[in-house]
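Whatever position you read off the sequence shown (first residue = 1), add 1182 for the working numbering. Every residue gets a Cβ at the ideal spot worked out from N, C-alpha and C, and that includes glycine. For reference, the structure discussed in these notes is given below.
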Amino acid sequence: MSTEKASAKCEFRESDFKRPPVSREYVAALESRIASLEGFLARLKEASNDERNQILDEVEIKDYVPSFSSLPLEDEAALSEALTKATLQETLDGSMIYHGPTSIFQNDYGDTCGSSSGNSKKSPFQDDRSNLINQTMRLCLGLFFYWQYPLFMFIDREAFVAEFEDNPIDGDFCSPPLIYAAAAIGALMSKDPDIRSRAQGFADTAQIILTTEGLSAPRPTSVQALLCCGYYEVGQGNISRGWMFAGMAFRMGQDIGFQREPTHWGSEDRPNSKSPFPFDNEFRRRIYWGCFLSDKIFSLFLGRPTFMYENDADVNLSEPLPHDPPVWENWLFSHDLGFLKTVRPAGPKLTLLFNQQIELARIIHDMLSTTFAPRKKTDAHARRWTEVSLNKLNARLVAWHEALPTNMRWKKWFTNKDNLQVNVAILQ
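Listed below in structure tokens is the structure:
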């Protein structure tokens, strides 16, 4: 029957696609709910004031969609586990790939394992140990840890120098790109112009290895090396390159699952012991928080949005590690670098300082995402909102500074004879 014969208005939908028919059960359920609501309104209209209040008190509003809280405890636990389920899947080259609860590759081990090229040939930069282990490289690494370690605590210093001498190519805590990247920063700390001139070459070598070989096989040491490259490039004024390297580090870190607390992984989710992927709890925590801190530092200094949100992770704060025997000091003295022995607090105190930096990073994150956010209030209360936001920021910064232990505070009355410790200077 045409609309003209039926004397009806002809209407066209914006979309010409046919809609799937509504089920008869769904229509019946809606009709029943409407009839019940109409009856309830009729009773409410005819009731007196006292009766109306009693009816409203007795009414039960039920949603036809089952709520999470109405589930049995066993179903609720199963749903909660499904919402947080994650796995680490090993590729052919030994790398571990993280898959979160929404990943379409959660159980697709075959395709994931074949996605990486496990037979990639190492560059000559990595094969020649003499390029990695020599006195110049040792000096640059020593200078790096002496001056920069409080800011670069995402590198396990003791584990790094131990593997540097024994296994600099295939180690868990040490790798060629990380060695070159750290040496590039350390070379800039030297007073010798010949050593300083080698910094750019070290940085270029690290970046070549990372971009040509490291991206297809993500590793914790590659995350660390990318962060070092980011700091180096920004320090050289190459802001865009530094920003990109830092972003690559954050993404690669998420790719290997460093945003999840290591102690929460079940034994079935951990990699096997033969995998060249260190599953040391503190090692992984340091890398995550190092990236978190670096994200805020780059964003603050460059005036850009932050990338990492704490709600996206469940990683505990870093914990002090025992340094017995003193691996770092022994390494220095065994290679005639005893003049680089630090007189500032040892590892455990540096870990506490690292955690204070993380707390400051949280304040910086909130400051950038609220006080200095591009989208602000534009109504009549905007000025008042800005004042309140700045007052809260100032109060948090003052409270953070007042909570610092005495040995972490900078004192205005330092004399020329006093040496300002690097870790204190970085924190201020």
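Separation of residue 1498 from residue 1466, as counted between CA atoms: Distance between the alpha carbons of residue 1466 and residue 1498: 10 Å.
Whole-angstrom C-beta distance between residue 1388 and residue 1369, which should lie under 8 Å: Actually they do not touch by this definition, with Cβ atoms about 12 Å apart.
Status (buried if at least 16 other CB within 10 Å, exposed otherwise) for residue 1476: So residue 1476 ends up on the buried side.
Three-state secondary structure (DSSP) of residue 1437: It is helical.
Distance between beta carbons of residue 1495 and residue 1470, contact taken as under 8 Å: At roughly 6 Å, the Cβ-Cβ gap stays under 8 Å, so residue 1470 and residue 1495 are in contact.
Beta carbon of residue 1412 nearer than 7 Å to that of residue 1424: Taking 7 Å as the cut-off, the beta carbon of residue 1412 is found closer than this to the beta carbon of residue 1424.
Contact under 7 Å by Cβ, residue 1490 with residue 1535: No, the pair does not count as a contact, with Cβ atoms beyond the cut-off.
Residue 1386 versus residue 1415 - alpha carbon distance: Approximately 10 Å between the Cα atoms of the pair.
Cβ-based neighbour list, residue 1578, same chain, cut-off 7 Å, excluding 5 preceding and 5 following: Residues 1545 of the same chain have their beta carbon placed closer than 7 Å to that of residue 1578, with the five preceding and five following residues left out of the count.
Cβ of residue 1481 within 7 Å of any chain C Cβ: No chain C is part of this structure, which consists of one protein chain only.
Three-state class that DSSP yields for residue 1497 in the structure shown: Three-state DSSP puts residue 1497 in coil, outside helix and strand.
Same chain, Cβ closer than 6 Å to residue 1319, neighbours up to 5 away in sequence not counted: Sequence-distant partners of residue 1319 (beyond 5 residues in either direction) whose C-beta falls short of 6 Å from its own C-beta, in its chain, are 1365.
Pair within 7 Å by beta-carbon distance, residue 1541 and residue 1523: No, the Cβ-Cβ distance between residue 1541 and residue 1523 is not below 7 Å.
C-alpha distance - residue 1209 paired with residue 1222, whole-angstrom precision: Cα to Cα, residue 1209 sits roughly 20 Å from residue 1222.
Assigned exposure category for residue 1383 - 16 Cβ within 10 Å defines buried: It is exposed - the Cβ of residue 1383 has fewer than 16 other Cβ atoms within 10 Å.
Length of the line joining the Cα atoms of residue 1350 and residue 1373: About 26 Å.
Simplified DSSP state of residue 1371, which is helix, strand or coil: Residue 1371 falls in the coil class under three-state DSSP.
Pair within 7 Å by beta-carbon distance, residue 1367 and residue 1400: Not closer than 7 Å, so no.
C-alpha distance - residue 1291 paired with residue 1377, whole-angstrom precision: For residue 1291, the predicted model reports a pLDDT of 49, less than 50, meaning its position is unreliable; a value from the coordinates is still stated below. Pairing residue 1291 with residue 1377, the inter-Cα distance amounts to about 47 Å.
Residue 1511 in three-state terms, based on DSSP: Under the three-state reduction of DSSP, residue 1511 is assigned to helix.
Spatially closest choice to residue 1441 from 1472, 1520, 1375, by CA coordinates: It is 1472 whose Cα lies nearest to the Cα of residue 1441.
Closest Cα partner of residue 1427 within the set 1444, 1390, 1462: Of all alpha-carbon atoms in 1444, 1390, 1462, the one lying nearest the alpha-carbon of residue 1427 is that of 1390.
Own chain, CB closer than 7 Å to residue 1434, minus 5 neighbours either side, in chain order: Same-chain partners within the cutoff: 1400, 1404, 1405, 1408.
Residue 1226 versus residue 1550: straight-line alpha-carbon distance, rounded: Whole-angstrom Cα-Cα distance: 52 Å.
Minimum C-alpha distance to residue 1419 - residue among 1462, 1484, 1583: Looking only at 1462, 1484, 1583, the smallest Cα-Cα distance to residue 1419 is reached by 1484.
DSSP state of residue 1473 mapped onto helix, strand, coil: The three-state reading of DSSP puts residue 1473 in helix, counting H, G and I together.
Span separating the alpha-carbon of residue 1220 from that of residue 1213: Rounded to the nearest angstrom, the two C-alpha atoms are 11 Å apart.
Supposed contact pair residue 1463 and residue 1444 - C-beta distance, whole angstroms, cut 8 Å: Confirmed, about 4 Å.
Residue 1518, DSSP secondary structure in three states: In the structure shown, the three-state DSSP call for residue 1518 is coil.
Opening and closing residue of the alpha helix (DSSP H) in which residue 1319 lies: Where residue 1319 is concerned, the enclosing alpha helix (DSSP H) stretches over 1317–1330.
C-alpha gap between residue 1574 and residue 1361, whole angstroms: Their backbone Cα atoms lie some 42 Å apart in a straight line.
Residue 1572 to residue 1552 span [Cα, whole Å]: Computed Cα separation, rounded: 10 Å.
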